[in-house]
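Just so we're aligned, residue 19 is where the sequence shown starts under the numbering used here, counting upward by one.
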Amino acid sequence: MGAAGNRSVATGAVTGLLLGTFIGLIVIPVLFVVFQHLQEKIVGIKSVEKQHESQA
């Protein structure tokens, strides 16, 4: 493997570390907030429908 092989392995390793860090710090929290907002919106709609049914 020589220097070129070591360099390609190192490039892949560093890229993987940076990508994993980016996903862990940015993408996962953003997706959590998005899905939490959607869940609250859906649960809110269902709870309003149940209140209307119980009043009728």
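Cβ atoms here follow ideal geometry from the backbone N, Cα and C, with glycine treated the same way. Being a predicted model, the structure only gives us computed values, none of them experimental.
To the nearest angstrom, report how far apart residue i and residue j are at their CA atoms.
i, j, result
"alanine 31", "leucine 43", "18 Å"
"glycine 34", "valine 48", "20 Å"
"leucine 60", "valine 45", "The sequence as given places isoleucine at residue 60; leucine does not occur at that position. C-alpha separation (whole angstroms): 22 Å."
"arginine 25", "valine 51", "38 Å"
For the alpha helix (DSSP H) containing residue i, list its first residue and its last residue.
i, result
"leucine 12", "Residue 12 lies beyond the residue range present for the chain, which begins at 19 and ends at 74; the question has no answer from this structure."
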